[in-house]
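Step one of this worksheet: look at the structure below.
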């Protein structure tokens, strides 16, 4: 099962992240997970939101460049070694991770990891076979 | 030291008489031997016999860079190609280069004006001239070379680049005159300082710096750091190469060798001649060139002319330091760049919006060119790696087009200023005015 991720190009300039987030606030879009990749010159804001199409629409209306793509969301126990297991599976399957970000879900005592592998289907299959619980979009959005 | 006192200190009325005679001759030669001029003169309904005074030059049509380029390669030659003994070209970054052809007499003329230029810098047979202008099709290297030999100096034809070797030779050979771009002189100064070589350990007394715009502040800096007298030289391939004008030790403008190159200043919008002292576009006519006479060439360089005898004794008219261009041409580290070339490069990239802005700066000694480009969905990705590749690809396309490396900055869509009329594509932060 794959999730839709919304990525936004951000210039490395004061107030740009805030601008993007305030657009989402005004559209009543609640962000489920977020990370920012930053370089010296630009940033990429990556988010999981319940309504990726709407997020894209409102951001593009405000002249942001948006890309929607697929990522994998997995649930891991919130304890030492939780993430280690995921990476072990992927490494053994010779699958390269482009990036990942994680957040903790207090209610479930679980951690949620969003990750992007070079080959997204191969990554999902490997994790599935490794017995990792891949989250459906609904599960993530309802957190 | 004045190389040719008779020509350089000639009384104005005598000079004007000489200029008129030579102008009449060159117009006749151009009309009779170059089909381009025959047609251009006839279209303007002006003929060689209409040139009765120097002011009559205003009846003649202008020649532009495009006119010269359209005649590529040898269409502007006024002599048989067999009489041409040397050719040079412009860098040709905007398409086909402009070819300049020299007869034996033209090389003699070039040596003469460069001999005057190097003498103004105090050069004579006792000097060792380290010539870091590029040798080859570019006129800089050989132009200085011919002048250096003419005055009997020792020329060190080291050409451009290889900075470590430059500083080594400069010390080992005891170079006394340095010829290069002012920004390269600054760079050499920095390298010497980094090597712990103090200015009094080198033997330079003068520098003849040109091929790009520079400022009084840069002069002060170079003079302090290299312990020499820094002088400005001006020239262009279309006219002859370096040696159209040169600054004397008074440092209040560049003497145009106006017995060979006739200057006018025009308003670039109305194309009308401006009086002496007014700032405008420099227009040059070669009075004596055989191989390729050039009539009323629009240099696009902005300056003003000042007549009268200089404190150095010369009467050659002086032009101010160039302060700008009447078109959008940029010179980046000596290389000519037009914004339109950058646009052309961008348009070759799929999904690219031709919204861009060029920022020129000189953070240290060398020019930097930054091109800000608006991101589009086609260029963007969730992966940093991919976006970096897109940037590199744009850099490569621009490099292929203009021949120099630029820094690309991706900016958000709609963030660059839009304009109803002519877009402001270039922000020059070098402060060369």
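Protein chains in written order, with our numbering: chain A, 14 to 156; chain B, 81 to 513. We put the beta carbon where it would ideally sit given N, CA and C, even for glycine. Model, not experiment: these values are computed from the prediction.
One finds nothing in chain B with a Cβ atom closer than 7 Å to the Cβ of residue 61/A; even the nearest lies about 12 Å away. Taking C-alpha positions only, residue 103/B is separated from residue 134/B by approximately 8 Å. The residues 382, in chain order, have a CB closer than 6 Å to that of residue 404/B in the same chain once the five nearest residues on each side in sequence are set aside. Only buried fits residue 83/B, as 16 or more other CB atoms lie within 10 angstroms of its CB.
Using a CB distance below 8 Å, the part of the region 472-497 of chain B facing chain A consists of 489, 490, 491, 492, 493, 494, 495, ordered along the chain. Within the same chain, Cβ atoms closer than 6 Å to the Cβ of residue 111/B are found at 117, 118, 121, 128, the five residues on either side in sequence being excluded. Interface criterion met: the Cβ of residue 467/B is under 8 Å from a Cβ in chain A.
Residue 51/A sits in a strand when the DSSP states are folded into three classes. If you keep only unbroken beta strand (DSSP E) runs of at least 3 residues inside the region 101-139 of chain A, you get 110-118, 123-130. Counting only the Cα atoms, residue 207/B lies some 52 Å from residue 491/B. Spatial neighbours of residue 392/B in its own chain (CB-CB distance under 6 Å, excluding positions within 5 residues in sequence) are listed in chain order as 328, 330. The beta carbon of residue 149/B sits closer than 6 Å to the beta carbons of 176, 178 from its chain, once the five residues preceding and following it are set aside; these are given in chain order. Between residue 61/A and residue 153/A the beta-carbon gap is near 6 Å, inside 8 Å, which marks them as a contact. In the DSSP assignment, the residues bridged to residue 399/B are 334/B, 385/B. Here residue 389/B is exposed. Its C-beta has fewer than 16 other C-beta atoms within 10 Å. Under DSSP, no beta-bridge partner is assigned to residue 261/B.
Across the set 88/A, 63/A, 106/A, the C-alpha of 88/A shows the shortest separation from the C-alpha of residue 119/A. Using a Cβ-Cβ cut-off of 9 Å, residue 52/A is close to 464, 467, 468 of chain B, given in chain order.
For residue 415/B, the uninterrupted beta strand (DSSP E) segment begins and ends at 415-417. DSSP places residue 340/B outside both helix and strand once states are collapsed to three, so it counts as coil. Taking every protein chain shown into account, the CB of residue 31/A has fewer than 16 other CB atoms within 10 angstroms, so this residue is exposed. Within 8 Å of the CB of residue 129/A, the CB atoms of chain B belong to 462, 463, in sequence order along the chain.
Within the region 21-46 of chain A, the residues whose Cβ lies closer than 8 Å to any Cβ of chain B are, in chain order, 22, 23, 24, 29. Taking residue 345/B as reference, the option from 481/B, 318/B, 385/B with the minimal CA-CA separation is 385/B. Cβ-Cβ separation between residue 366/B and residue 169/B: approximately 17 Å, too far for a contact (criterion under 8 Å). Considering only 292/B, 320/B, 282/B, the residue with the shortest C-alpha distance to residue 303/B is 282/B.
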